[in-house]
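2 protein chains.
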Amino acid sequence: MRSPELAARKRTKEPGRRAGQLSRLEIQRAALRIVDVAGLAELTVRRLAQSLHVTPMAIYRYFPNKAALEATLVDLVVSDSAVTAHDTPELRLWLLHTFARMRHALCRHPGIMPLLGTASHSSGNALAIVEQVLGRMRSHGIGSEDATRLFYRATAFTLGSVVMMDSASLAHFVKPRPVQDELRRQQRHGFAALPKTEFPQVVAASAALADCYSGKRFEQELLGVIDDTLQAAPHS
Amino acid sequence: MRSPELAARKRTKEPGRRAGQLSRLEIQRAALRIVDVAGLAELTVRRLAQSLHVTPMAIYRYFPNKAALEATLVDLVVSDSAVTAHDTPELRLWLLHTFARMRHALCRHPGIMPLLGTASHSSGNALAIVEQVLGRMRSHGIGSEDATRLFYRATAFTLGSVVMMDSASLAHFVKPRPVQDELRRQQRHGFAALPKTEFPQVVAASAALADCYSGKRFEQELLGVIDDTLQAAPHS
DNA sequence: AGTATGTGTATACGTTGTATACTACCGTGC
DNA sequence: GCACGGTAGTATACAACGTATACACATACT
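Protein sequences, first through last, are from chains A and B.
For the first sequence, our numbering gives the first residue as 899, with consecutive numbering after it.
For the second sequence, our numbering gives the first residue as 899, with consecutive numbering after it.
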């Protein structure tokens, strides 16, 4: 059964590749698109294949199984955050921008967040950023020990900040997750609506807590972490 | 078909409850047990029911669907970390212990890590800890603004540190995840085995990077973050 | 005793991931 | 030009999954 819509698959010729052929990257991008608009749970092999105008089993020419596909998605998102080579001379601002871009990239694809907790999704892209960050710090005269410490603190803070946005979400199961300020406002109301007798501190600090979901607040705190850590380290 | 093993369900009488009856908590604990020994992917309603000597559909008397069950698991783990009421007088050490216990609880159940990235799994337990931490800080004379800042930094660092352990894992798909020192050793070898020309910094710092997966290193850095943050805040 | 309420069962259905076997095409030898 | 072997995609099938629906039985209340 070669249905008409299957036959309608695009036939754009690429050099060194047969016409209209699939590729790992093409599949990954289609998968990410599905995750973005419908959530990770809606990413099925069948739906993915359909979006590529292809039979489900075609996917398995490029990935041994669904888990292997999913494992590559985090790296794909991370690579998005690394494309622009920005050259802020000052180290602390360069670090700020680098980690802020990583956070931004992850926040734009909230659906892949569960995959962060899955072992072994790293590949070249994530490692390349680690290498780049470490190299930059060393070239600014920071010692190996301090560079690792700063890398650890900044990375953990960034990832944790992103996880907090998802995991602390009091609000019910909303399917298309609200973004940025929408989330912040929602969270503030959530915190503020708690029983004041049981959670007095949380209610009192509801506005400040909800502010943690803002990008500005993240960058402010990250810069604080960077400066605090650099302060104890000798560097040029 | 009332099979013999189903009939063998335990009949321990509990007050205010019928003999051998299920409960939300009992189901959650069984689910967590499965996740611990076999991974989140192996948690199926059928297997869960079997481990409770019950029909699959019995689960649905207590949870509307599988996702709702999973959503409670993070909170269950977190509540484990809060059971012991420790009373370290010094604030910085109290905070250190509190967050270290949280990390420890999460590390003991690596299978639930993907659920951290799932929206809205919070319920009373996580919030109670937030309340407790904020209250403790306030009672030590720390202002609302600084308390929120410290809470944000410490929480993000802790969660991020835990996520890093999973996500940075270079090593292949191992099913029963290695713990603690085993993971650290494995990671060091992983980092060190990278092509030195492509990732010179990572290879050079392989030992230090792998050290980030140690509990001792985590506590050391967390204390650094706490102290750095407290330093800028006036308190008693 | 009779009835309502709630807990677990039996059965069934649509979907999922993927093993297996196939078909058609392309680039390479002649 | 043309057979041909490898590769990309297809067709079919199946076990396992989540869960809707209808039922049976035990307990608690009258």
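Built from N, CA and C at the ideal position, the CB exists for glycine as well.
Please compile the residues from chain B whose C-beta is within a distance smaller than 8 Å of the C-beta of residue i.
{"i": "Arg1047(A)", "result": "Glu1119 and Gly1122"}
{"i": "Leu920(A)", "result": "Correct list: empty, because the minimum Cβ distance to chain B is about 24 Å."}
Give me the chain A residues within the contact set of residue i, using Cβ-Cβ distance strictly less than 7 Å, ordered along the chain.
{"i": "Gln1085(B)", "result": "Here the premise fails: no neighbours, minimum Cβ distance about 11 Å."}
{"i": "Pro956(B)", "result": "At residue 956(B) the sequence reads Ala, which differs from the Pro that was named. None at all; the shortest Cβ gap to chain A is about 23 Å."}
{"i": "Gln1099(B)", "result": "Glu1029, Leu1032, Gly1033 and Arg1036"}
Could you work out which residue in the options is closest to residue i when comparing CA atoms only?
{"i": "Leu1107(A)", "options": "Thr942(B), Thr1053(B) and Leu1081(B)", "result": "Thr1053(B)"}
{"i": "Tyr1050(A)", "options": "Glu1117(B), Val952(B), His1007(B) and Ala966(B)", "result": "Glu1117(B)"}
{"i": "Thr1056(B)", "options": "Ser949(B), Arg931(B), Ala1131(B) and Leu1004(B)", "result": "Leu1004(B)"}
{"i": "Arg1036(A)", "options": "Gln1099(B), Ala956(B), Met955(B) and Val1061(B)", "result": "Gln1099(B)"}
{"i": "Val975(A)", "options": "Leu1081(A), Leu930(A) and Glu1043(A)", "result": "Leu930(A)"}
{"i": "Gln1129(A)", "options": "Ala1045(A), Ala1024(A), Lys964(A) and Tyr1111(A)", "result": "Ala1045(A)"}
{"i": "Cys1110(A)", "options": "Arg1047(B), Glu1080(B) and Ala1105(B)", "result": "Arg1047(B)"}
{"i": "Ala1024(B)", "options": "Asp978(B), Ser1042(B), Gly1039(B) and Val1060(B)", "result": "Asp978(B)"}
{"i": "Ala1026(A)", "options": "Thr996(A), Lys964(A), Asp1064(A) and His951(A)", "result": "Thr996(A)"}
{"i": "Gly1088(B)", "options": "Glu1096(B), Ser1104(B) and Thr1095(B)", "result": "Ser1104(B)"}
{"i": "Ala998(A)", "options": "Leu1121(A), Gln1084(A) and Thr1127(A)", "result": "Leu1121(A)"}
{"i": "Phe1119(A)", "options": "Ala956(A), Val952(A) and Leu993(A)", "result": "The sequence given here has Glu at residue 1119(A), not Phe. Per the Cα distances, Leu993(A)."}
{"i": "Gln919(B)", "options": "Ile932(B), His951(B) and Arg1115(B)", "result": "His951(B)"}
{"i": "Thr986(B)", "options": "His1038(B), Phe1097(B), Gly1058(B) and Arg1086(B)", "result": "His1038(B)"}
{"i": "Val1060(A)", "options": "Leu1014(B), Gln1084(B) and Leu1092(B)", "result": "Leu1014(B)"}
{"i": "Pro1093(B)", "options": "His1002(A), Glu1029(A) and Lys964(A)", "result": "Glu1029(A)"}
{"i": "Gly1058(A)", "options": "Met1000(A), Arg1083(A), Arg1086(A) and Ile1040(A)", "result": "Met1000(A)"}
{"i": "Ser1112(B)", "options": "Arg1086(B), Leu1032(B), Ile932(B) and Ala1102(B)", "result": "Arg1086(B)"}
{"i": "Gly1022(B)", "options": "Val1031(A), Phe1097(A), Lys1114(A) and Leu941(A)", "result": "Phe1097(A)"}
{"i": "Ala966(A)", "options": "Leu989(A), Thr1016(A) and Leu991(A)", "result": "Thr1016(A)"}
{"i": "Leu1081(B)", "options": "Arg1115(B), Met1063(B), Ala1090(B) and Met955(B)", "result": "Met1063(B)"}
{"i": "Gly1041(A)", "options": "Arg1083(A), Arg1115(A), Val1123(A) and Thr1127(A)", "result": "Thr1127(A)"}
{"i": "Thr1095(A)", "options": "Lys964(B), Gly1033(B) and Gln1084(B)", "result": "Gly1033(B)"}
{"i": "Leu989(A)", "options": "Pro954(A), Lys1114(A), Val1031(A) and Ala956(A)", "result": "Val1031(A)"}
{"i": "Glu1151(A)", "options": "Ala1131(A), Thr953(A) and Ala928(A)", "result": "Residue 1151(A) cannot be examined here, being either before or after the span of chain A that is shown, 899 to 1134."}
{"i": "Ala980(A)", "options": "His1002(A), Leu991(A) and Lys964(A)", "result": "His1002(A)"}
{"i": "Leu941(A)", "options": "Lys964(A), Met955(A), Ala956(A) and Thr953(A)", "result": "Lys964(A)"}
Taking residue i as the query, report the chain A residues whose CB atoms sit under 8 Å from its CB, ordered along the chain.
{"i": "Asp1064(B)", "result": "Leu1014, Gly1015, Thr1016 and Ala1017"}
{"i": "Ser1042(B)", "result": "Ala1102, Ala1103 and Ala1106"}
How would you list, in chain order, the residues of chain A whose beta-carbon sits under 9 Å from the beta-carbon of residue i?
{"i": "Val1061(B)", "result": "Leu1014, Gly1015, Ala1054, Leu1057, Gly1058, Val1060 and Val1061"}
{"i": "Met1011(B)", "result": "Pro1012, Leu1014, Gly1015, Thr1016 and Ala1017"}
{"i": "Asp973(B)", "result": "Simply none; closest approach about 10 Å."}
{"i": "Leu989(B)", "result": "Within chain A, no residue comes near Leu989(B); the closest Cβ sits about 15 Å away, beyond 9 Å."}
So with CB distances below 7 Å, who are the chain B contacts of residue i?
{"i": "Tyr1050(A)", "result": "Cys1110 and Glu1119"}
{"i": "Leu967(A)", "result": "Within chain B, no residue comes near Leu967(A); the closest Cβ sits about 13 Å away, beyond 7 Å."}
{"i": "Leu923(A)", "result": "None at all; the shortest Cβ gap to chain B is about 20 Å."}
Can you list the residues of chain B that residue i reaches, using a CB-CB cut of under 9 Å?
{"i": "Leu993(A)", "result": "None at all; the shortest Cβ gap to chain B is about 15 Å."}
{"i": "Leu1128(A)", "result": "Under the 9 Å cutoff, chain B gives no residues; its nearest Cβ is about 10 Å from Leu1128(A)."}
Taking 7 Å as the cut-off, is the beta-carbon of residue i closer than that to any non-hydrogen atom of the ligand FMN?
{"i": "Asp985(A)", "result": "In the structure on display, the ligand FMN does not appear, and there are no ligands present to speak of."}
Task: Interface positions of the region 929-951 of chain A facing chain B (Cβ-Cβ less than 7 Å), listed along the chain - done: none
- [ ] State whether the region 941-961 of chain A contacts the region 920-927 of chain A, with contact taken as three or more CB pairs (one from each stretch) at a distance under 8 Å.
- [x] yes
Open item on the list: Three or more C-beta pairs under 8 Å: does that hold for the region 934-949 of chain B against the region 999-1012 of chain B?
Closed with: yes
Open item on the list: Could you check whether the region 970-987 of chain A touches the region 945-959 of chain A, counting it as contact only if at least three pairs of C-beta atoms, one from each stretch, sit closer than 8 Å?
Closed with: no
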